[in-house]
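Peer 1: Numbering (UniProt numbering), first residue to last: 1 to 154.
Next up is a structure, given as structure tokens.
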């Protein structure tokens, strides 16, 4: 689908850029190796983020989170039907609640817990964590990069 979209941009000479250069395996052109010290260190926290839907990127369904949110979504939509049409337009009530309550308020409450994963690490260990993001240690997302390279010269 991306290749088709970029073909339309090429045809009409529409400028484009990509901002997903490097990440931890969600959408980046290159990503940290799953076996890197960084990924191994934060993996338990990533599982918690998935379980509670704390992040808008790479969203995973969660029965526990949905059981808590769905009654509130229904209540808001019942008492204020126009809420599901609030700006920005494509967002429904669920997306607004996820953003405001879960991905902003609740996720912020986990920041100390995230930081605790690194307590007691010495400079050598912290440097190894940082080195996980070195280009030579990352994995290229081949199919995405092939599409982007095919359209980059245009």
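We put the beta carbon where it would ideally sit given N, CA and C, even for glycine.
Model, not experiment: these values are computed from the prediction.
#1: Residue 109 and residue 55 look like a contact to me (Cβ under 8 Å); what is the Cβ gap, rounded to whole Å?
#2: Could you tell me which uninterrupted beta strand (DSSP E) segments, each at least 3 residues in length, are contained entirely in the stretch 20–52, listed from first to last along the chain?
#3: By the three-class DSSP mapping on this structure, what secondary structure does residue 18 have?
#4: Please confirm whether residue 115 and residue 3 have their CB atoms less than 9 Å apart.
#5: Could you spell out where the alpha helix (DSSP H) holding residue 13 opens and where it closes?
#6: Whole angstroms is fine: what's the gap from residue 128's alpha carbon to residue 57's?
#7: Could you check the C-alpha separation between residue 18 and residue 135 for me, to the nearest Å?
#8: Using the beta-carbon count (16 or more within 10 Å), is residue 93 buried or exposed?
#9: What does DSSP give as the partner residues of residue 140 in its beta bridges?
#10: For residue 111, does the three-state DSSP call read helix, strand or coil?
#11: Please confirm whether residue 29 and residue 140 have their CB atoms less than 9 Å apart.
#12: What three-state label does DSSP hand residue 123 in the structure shown?
#13: Quick check: the Cα distance between residue 122 and residue 34, rounded to an integer number of angstroms?
#14: Can you list, in chain order, the residues of its chain with a C-beta nearer than 6 Å to that of residue 22? Leave out the 5 residues immediately preceding and following it.
#15: Using CA coordinates, which residue listed in 86, 52 and 144 is at the minimum distance from residue 64?
#16: Identify which residue in 14, 38 and 12 has its Cα closest to the Cα of residue 138.
Peer 2: Walking through what the data contain:
#1: Between residue 55 and residue 109 the Cβ distance is about 14 Å, and since that is not below 8 Å, they are no contact.
#2: Listed in chain order, the complete beta strand (DSSP E) runs (minimum 3 residues) inside the stretch 20–52 are 30–32.
#3: In this structure, DSSP gives residue 18 a state outside helix and strand, which the three-state scheme calls coil.
#4: no
#5: No alpha helix (DSSP H) contains residue 13, which DSSP labels as neither H nor E.
#6: 25 Å
#7: 18 Å
#8: buried
#9: 30
#10: In the structure shown, residue 111 sits in a helix (DSSP, three-state: H, G or I).
#11: Yes.
#12: Residue 123 sits in a helix when the DSSP states are folded into three classes.
#13: Each residue's Cα considered, the two are about 22 Å apart.
#14: 28 and 30
#15: 52
#16: Just measuring C-alpha positions, the residue of 14, 38 and 12 sitting nearest residue 138 is 38.
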